[in-house]
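J.:
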Amino acid sequence: MKFIVIFLLTIATTLSLAKTECGTIESDYAPCIEKEKADRLFQNCCKMYAPEGCLPLCEYITDEFTSRSLIIEVLKSKKCSLKHISTVLFCASQNQDNRKCCEHLKLGDPTLGVGKRCLRFCDPSGEGIGALSKSDLTCIYNFNIPLYCGMSSIKEY
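In terms of mature numbering (1 follows the signal peptide of the UniProt record, and there is no 0), the sequence shown is residues -18 to -1, 1 to 139.
Okay, here's the thing in structure tokens:
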């Protein structure tokens, strides 16, 4: 009986620690909630603030190539313009400053050739994104990183 109690306490402690470490550097910013729940929050925000043509972007697609292909496809369709990307990112971030996560995932890496310019995509409500330029193409090509960090910033639902 004593063994079972100790075993259950160990499992409870492990689960508790795992829950508190999610969304932090210690867990490589592993998301704290299921993708489906996070997507619902993201989509609800987009439905309120973004044009309908931008709604396909309102899903936490964290695969680099899938995300890149989708954003290019949506922008080429002209149903969602670049000026609405900040709204989509605001909804993705759930009004959180995710720059630490984005830096951890190398979005501010010097090898990108744009300095720390892309980090503003990870804090759209704080720093703001403002007007986009050609040097922001690098940021758009790495759209999956602000999305991943936005999802990891959601602690509970």
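The beta-carbon is built from N, C-alpha and C at its ideal position, and this holds for glycine as well.
Can you name the start and end residues of the alpha helix (DSSP H) that C100 belongs to?
T.: Premise fails: C100 is in no alpha helix (DSSP H) and is neither H nor E.
J.: What are the boundary residues of the alpha helix (DSSP H) that N124 is part of?
T.: Here N124 belongs to no alpha helix (DSSP H), and DSSP marks it neither H nor E.
J.: Name the residue from I43, E46, F72 and E16 whose alpha carbon lies nearest to the alpha carbon of Y31.
T.: Checked all of I43, E46, F72 and E16; the closest Cα to Y31 is F72.
J.: I'd like to know whether the C-beta atoms of G132 and Q76 end up nearer to each other than 8 Å.
T.: Contact flag set, yes.
J.: Return the chain-ordered ranges of every alpha helix (DSSP H) run that is complete within the stretch 12 to 100 and spans a minimum of 4 residues.
T.: Entirely contained in the stretch 12 to 100, the alpha helix (DSSP H) runs reaching 4 residues are, in chain order, 17 to 31, 46 to 58, 67 to 75 and 81 to 86.
J.: If we count the other Cβ atoms within 10 Å of its Cβ and call it buried at 16 or more, is T93 buried or exposed?
T.: Exposed, by the Cβ-count rule.
J.: Could you check which residue in I43, P33 and F47 has the C-alpha nearest to that of C62?
T.: The candidate whose alpha carbon is nearest that of C62 is P33.
J.: Assuming C83 and C100 are in contact, meaning their beta carbons sit under 8 Å apart, how far apart are those beta carbons, in whole angstroms?
T.: With 8 Å as the limit, C83 and C100 do not qualify as a contact, their Cβ atoms being about 13 Å apart.
J.: Looking at the ligand HEM, does it come within less than 7 Å of M133, judged from the CB to the closest heavy atom?
T.: As for the ligand HEM, it is missing from this structure, which has no ligand bound.
J.: By a C-beta neighbour count over all protein chains shown, 10 Å radius and 16 as the cutoff for buried, is F125 buried or exposed?
T.: The residue in question, F125, is buried, as its Cβ has 16 or more Cβ neighbours within 10 Å.
J.: Less than 6 Å between C-beta atoms, sequence neighbours within five positions excluded: which residues of the same chain meet that for K88?
T.: Excluding positions up to five away in sequence, the list is empty.
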